[in-house]
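Chemist: When you line the sequence shown up against my numbering, it's residues 876 to 949, in that order. Ideal placement from N, C-alpha and C gives every residue a C-beta, glycine not left out. Just so it is clear, the structure is predicted and the values come from calculations on it, not from any experiment. I have a structure here, written as structure tokens, and I will follow up with some questions on it.
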Amino acid sequence: PDPADIRKQQQAITDEYNKQYQKRIDEVYNFADLFKKVQRETFKGEDLKNNLKSQVDLMRGWVKDMKSLGSRIP
């Protein structure tokens, strides 16, 4: 076989491989938006503090309820 033909065949195979490889990378990359760029929202410090306080208050209420329920156990 002519070496030039072999090189052409090898190049065609390499090109097809690279094409299919890139296609698979794109499929994985786009699957269920796993790698979708995250957009960050800005929040005021006061909002974050109030949200945290609300969560702490809810946890305190939960602890109080658990203690109340625990006192009912004989």
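#1: In the DSSP assignment, find the alpha helix (DSSP H) that holds K883 and state where it starts and stops.
#2: Under DSSP, the alpha helix (DSSP H) around D940 begins and ends at which residues?
#3: Using a Cβ-Cβ cutoff of less than 8 Å, which residues in the same chain neighbour V938 once the five nearest sequence positions on both sides are dropped?
#4: Report all residues from its chain with a CB closer than 8 Å to the CB of E921; omit the five preceding and five following residues, and keep chain order.
Modeler: Well, looking at it:
#1: Segment P878 to N905, the alpha helix (DSSP H) holding K883.
#2: D940 -> alpha helix (DSSP H) spans G920 to S946.
#3: Cβ contact annotation for V938 (same chain, cutoff 8 Å, sequence separation greater than five): none.
#4: Annotation for E921: no residue places its beta carbon closer than 8 Å to its own, counting only its chain and skipping 5 residues before and after.
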